[in-house]
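Q:
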Ligand code: ADP
Ligand code: MG
């Protein structure tokens, strides 16, 4: 599909537009039902697109007073074809999205737009709702005005059943997981996924996509290995016993041999020693990679409080996962908190890959073109701005020390400020907003400071950053998606001046900062002030940087530029590879998740369980018991029967038979008798069905929780570096396969147990409640 192809379609939209303009309001509103019936009679979305887009454009004009520009129509066409479109900040992506949203909602299938935070979802939903409702469609926000407020399943169902939903990526991901944890069909609230637009797509798909989202549930039995492995690790020596690089640490061969002696095991990597291996890895990470005051603090209440790496702010209530928090507590000798199991998890990559149709938009996405192609199989289309960009992006200014850097940035700020020109200072870290704010106070410059705390409040402040004399200090993320309009007369002063302090994690973030200025052809400028002391340089090249910083060696301008810029490049390459890694891990989990959620949904939808199926499961469970006990003792058999089949014992079968086939035959006979007895207690066939479904569902969920939790832990444990001999993703995939097979066995055993020992009770409403063994 070429850009010319999109252009042609956009032309078709424009030729329909003339006809739409001639319609009365009433006539325009009938277009919706007309298009819906065209779809019903077999016309395709491609065929009705020109008319649909033209209709909603006309509605945009009548209801909002804004008619989408040609470039917006063009972007909307590209989105229909599954592209990620890059449109500069302020070009009007919100209005652009009304076209594909309207078109897809006509199908009656779920049509969703996700964006980076609750404020934006709520705002855009409210702004666009009048247009959609004018055209006879329902539109809702999946979040509330009050961040953190939880919705009931009924409220969620109402949201998701709207024709069009605006929500955040986080809300959607958690809802997906929660929707697959419900116990009854009527508690589900999601519709099948169909179409999604991702706004602020780079932030959603890239910046926030490293970590899987995890729902935690019941507490895990606390391991006593923390103390032992903590002691073990405290006796290790770097280089001899372990090596470290970037964010990984692993035992050397010497260290492995020592561990085997220390714990009295023969193969450290054998899966029977997984728990030891895992705890050693956790303790190593706690000791070597996590630094007190930098990554965490120990509070007066003897609690570990995590710090945000990028911003340095404390993150109260946040905990590291997979046992890492407990390992850290052990290292600091504070009481261990309860470890939570992970009961469900998914990465954003896989969440979005589940949508049959996905597209996105952002002001800065073309830099990540390649990655988006390889991970999401998406094409990036750059939409030219509606009016020519007039912003002047000045050359970066390089400094050796932070002191010189901040001083120069301050001089530049003052220079603009004296003229009354508004200045937006964007820093790479939160600490820097504070430092710069102090410097401004010293020079008596009134200003506002924003550091990604409250998106609602920030949006108000940042929207005012274009006023005469305004000085706003902000981190990169703060106020994203908010439009900065220039006050009258400010254009004559040169528009908004963006001053960047510090090289950022990646180029996209810097472009995002620059893009705050120069919206829709406004004048403006941007310039970055960077130095060797920038966080990113200090983390990537601390030794080299320090040599130059203490002035023991002079540095050439070329070398200075090179060091600072390659720090950013290397960091971005690292992030890409972390993201790729997490996709690979989750791909393995994804297949299992699909199988399981599929089975779950069939049960909730009242799939019939025939005798053959149930009996097959029971038979497998019995067979596997007999097989795994070649030399069965009488008390073992008694135990098994009491734990799995019946609370009463039938002496007939209770003598273990020498011949395992004979034993199995007797057990089958016995179980068949119990089976009929169980089924007989139900008055109706449907009750028995309900009972069996619940027995299976329970076993499925219990087994799956274990599996998810185990794979989460495994991922943490397999951080031993990928060498030629040990490929972590391969190891993970092999182990995941085995554990899935094990899980199936355990499920059959538990289904059998639930079936025979479950105690069904029907309450006054005819609802069956089962007490499970
Ligand atoms: P983006 O998300 O691309 O940064 P927004 O969707 O927030 O931009 O829109 C920026 C501003 O431009 C808003 O005030 C919006 O109302 C206005 N706008 C967008 N499209 C048009 C249009 N076609 N005509 C007039 N104003 C528009
Ligand atoms: Mg926007």
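In this note's numbering, the protein residues as written are 6 to 778. Beta carbons are placed, not taken as given, at the ideal position from N, Cα and C, and that holds for glycine. Just so you know, these numbers come straight off a predicted model, no measurement behind them.
Cβ-heavy atom distance between residue 143 and the ligand MG below 7 Å?
A: Against the chain shown, residue 143 aligns to sequence position 138. Incorrect: residue 143 has no Cβ contact closer than 7 Å to the ligand MG.
Q: Between the segment 335-354 and the segment 227-241, do at least 3 Cβ pairs fall closer than 8 Å?
A: yes
Q: In three-state terms, what does DSSP make of residue 773?
A: In the chain shown, the residue the question calls residue 773 occupies position 768. Residue 773 falls in the strand class under three-state DSSP.
Q: In whole angstroms, what is the alpha-carbon distance linking residue 725 and residue 297?
A: Within the chain shown, the letter at position 720 stands for residue 725. Within the chain shown, the letter at position 292 stands for residue 297. Bear in mind that the predicted position of residue 725 carries a pLDDT of just 47, short of 50, making it too unreliable to give a figure here.
Q: Would you check if the distance between the CB atom of residue 450 and the CB atom of residue 478 is smaller than 8 Å?
A: Mapped onto the chain shown, residue 450 falls at position 445. Mapped onto the chain shown, residue 478 falls at position 473. No, Cβ-Cβ distance for residue 450 and residue 478 is not below 8 Å.
Q: Using the DSSP secondary-structure output, state which residues sit across from residue 95 in a beta bridge.
A: In the chain shown, residue 95 corresponds to position 90, counting from 1. None, per the DSSP bridge assignment.
Q: Between residue 755 and residue 767, what straight-line distance do the alpha-carbon atoms span, to the nearest angstrom?
A: Taking the first residue of the chain shown as 1, we reach residue 755 at position 750. Taking the first residue of the chain shown as 1, we reach residue 767 at position 762. Spanning the two alpha carbons is a distance of roughly 22 Å.
Q: Taking all protein chains shown into account, decide if residue 382 is buried (16 or more other Cβ within 10 angstroms of its Cβ) or exposed.
A: Position 377 of the chain shown, counting from 1, holds the residue named residue 382. Here residue 382 is exposed: its Cβ has fewer than 16 other Cβ atoms, across all protein chains shown, within 10 Å.
Q: Ignore the nearest five residues each way along the sequence and tell me which others in residue 77's own chain have a CB closer than 7 Å to its CB.
A: Here residue 77 is taken as the residue at index 72 of the chain shown, counted from 1. Scanning its chain for C-beta atoms nearer than 7 Å, with the 5 sequence neighbours on each side dropped, one finds around residue 77 the residues 97, 100, 101, in chain order.
Q: Let me have the residue list for the ligand MG: C-beta closer than 5 Å to any non-hydrogen atom, ordered along the chain.
A: 98, 486
Q: Just the Cα atoms here: how many angstroms apart are residue 127 and residue 173?
A: Walking along the chain shown from the start, residue 127 turns up at place 122. Walking along the chain shown from the start, residue 173 turns up at place 168. Distance between the alpha carbons of residue 127 and residue 173: 9 Å.
Q: Please report the straight-line C-alpha distance between residue 727 and residue 733, rounded to a whole angstrom.
A: The count along the chain shown starts at 1 and reaches residue 727 at position 722. The count along the chain shown starts at 1 and reaches residue 733 at position 728. Since pLDDT at residue 727 reaches only 44, below the 50 mark, its modelled position is unreliable, and no value is offered.
Q: How many angstroms separate the CA atom of residue 771 from the CA atom of residue 630?
A: Looking up residue 771 in the chain shown gives position 766. Looking up residue 630 in the chain shown gives position 625. Their backbone Cα atoms lie some 36 Å apart in a straight line.
Q: By how many angstroms is the C-alpha of residue 303 removed from the C-alpha of residue 711?
A: Stepping through the chain shown from its first residue, residue 711 is reached at position 706. Stepping through the chain shown from its first residue, residue 303 is reached at position 298. Cα to Cα, the separation comes out at about 31 Å.
Q: Distance, Cα to Cα, residue 170 vs residue 119?
A: Numbered from its first residue, the chain shown carries residue 170 at position 165. Numbered from its first residue, the chain shown carries residue 119 at position 114. Near 8 Å, if we compare the C-alpha coordinates of residue 119 and residue 170.
Q: In three-state terms, what does DSSP make of residue 25?
A: The sequence position of residue 25 within the chain shown is 20, counting from 1. In this structure, residue 25 counts as helix in the three-state DSSP scheme.
Q: When burial is assigned at 16 or more other CB atoms within 10 Å of the CB, is residue 718 buried or exposed?
A: Stepping through the chain shown from its first residue, residue 718 is reached at position 713. Buried, because 16 or more other Cβ atoms sit within 10 Å of the Cβ of residue 718.
Q: May I have the straight-line CA-CA distance separating residue 146 from residue 332, to the nearest angstrom?
A: Residue mapping note: residue 146 aligns to position 141 of the chain shown, counting from 1. Residue mapping note: residue 332 aligns to position 327 of the chain shown, counting from 1. One C-alpha to the other measures close to 40 Å.
Q: If you check the beta carbons only, do residue 366 and residue 204 fall under 8 Å apart?
A: The residue labelled residue 366 in the question sits at position 361 within the chain shown. The residue labelled residue 204 in the question sits at position 199 within the chain shown. Closer than 8 Å, so yes.
Q: Should the segment 135-142 be called in touch with the segment 59-66, which here means at least 3 C-beta pairs below 8 Å?
A: yes
Q: Does the beta-carbon of residue 77, which I'm using as the reference point, lie nearer than 7 Å to any heavy atom of the ligand ADP?
A: Taking the first residue of the chain shown as position 1, residue 77 is located at position 72. Yes - the ligand ADP has a heavy atom lying nearer than 7 Å to the Cβ of residue 77.
Q: Return yes when at least one heavy atom of the ligand ADP lies under 7 Å from the C-beta of residue 696, else no.
A: Position 691 of the chain shown, counted from the first residue, corresponds to residue 696. No - the ligand ADP has no heavy atom lying nearer than 7 Å to the Cβ of residue 696.
Q: Mind pulling the alpha helix (DSSP H) runs of 4 or more residues that sit fully within the segment 337-389?
A: 353-358, 374-381
Q: Thinking residue 390 and residue 93 are a contact (beta carbons under 8 Å), I'd like their distance in whole angstroms, please.
A: The residue labelled residue 390 in the question sits at position 385 within the chain shown. The residue labelled residue 93 in the question sits at position 88 within the chain shown. Confirmed, about 5 Å.
Q: Quick one: is residue 262 buried, meaning 16 or more other Cβ sit within 10 Å of its Cβ, or exposed?
A: Residue 262 sits at position 257 when you count from the first residue of the chain shown. Burial call: exposed.
Q: With distance defined between alpha-carbon atoms, name the residue in 57, 113, 67 nearest to residue 105.
A: Position 100 of the chain shown holds residue 105. Nearest option by C-alpha distance: 57.
Q: Whose C-beta lies closer than 8 Å to the C-beta of residue 251 among residues of the same chain, with five residues either side of it excluded?
A: By 1-based counting over the chain shown, the position of residue 251 is 246. Only residues of its own chain outside the window of five on either side were considered, and among them 579 have a CB closer than 8 Å to the CB of residue 251, listed in chain order.
Q: Just verifying my parser: in three-state terms, what is the DSSP assignment at residue 268?
A: On the chain shown, position 263 is the one that residue 268 refers to. Correct three-state label for residue 268: helix.
Q: I'd like the list of long-range same chain contacts for residue 546, defined as Cβ closer than 7 Å, with 5 residues on each side in sequence excluded.
A: In the chain shown, residue 546 corresponds to position 541, counting from 1. Result list for residue 546: 568, 572, in chain order.
Q: Would you mind reading off the limits of the beta strand (DSSP E) that contains residue 171?
A: By 1-based counting over the chain shown, the position of residue 171 is 166. It spans 169-173 - the beta strand (DSSP E) in which residue 171 sits, taken as one unbroken run.
Q: With DSSP as the reference, please indicate the residues paired to residue 398 in a beta bridge.
A: The count along the chain shown starts at 1 and reaches residue 398 at position 393. Beta-bridge pairing links residue 398 to 531.
Q: According to DSSP, is residue 480 helix, strand or coil?
A: Looking up residue 480 in the chain shown gives position 475. Three-state DSSP puts residue 480 in a strand.
Q: Can you look up residue 198 in the DSSP assignment and give me helix, strand or coil?
A: Locating residue 198 in the chain shown gives position 193, where the first residue counts as 1. DSSP places residue 198 in coil when its eight states are reduced to three.
Q: Can you tell me whether residue 265 sits near the ligand ADP, meaning its C-beta is under 7 Å from at least one heavy atom of the ligand?
A: By 1-based counting over the chain shown, the position of residue 265 is 260. Not a single heavy atom of the ligand ADP lies less than 7 Å from the C-beta of residue 265.
Q: Where does residue 744 sit, in a helix, a strand or coil, going by DSSP?
A: Here residue 744 corresponds to residue number 739 of the chain shown, with the count starting at 1. Residue state, collapsed to three classes: helix.
Q: Would you say residue 361 and residue 199 are within 8 Å of each other, going by their C-beta atoms?
A: Along the chain shown, read from residue 1 onward, the residue named residue 361 stands at position 356. Along the chain shown, read from residue 1 onward, the residue named residue 199 stands at position 194. The answer is yes: Cβ separation under 8 Å.
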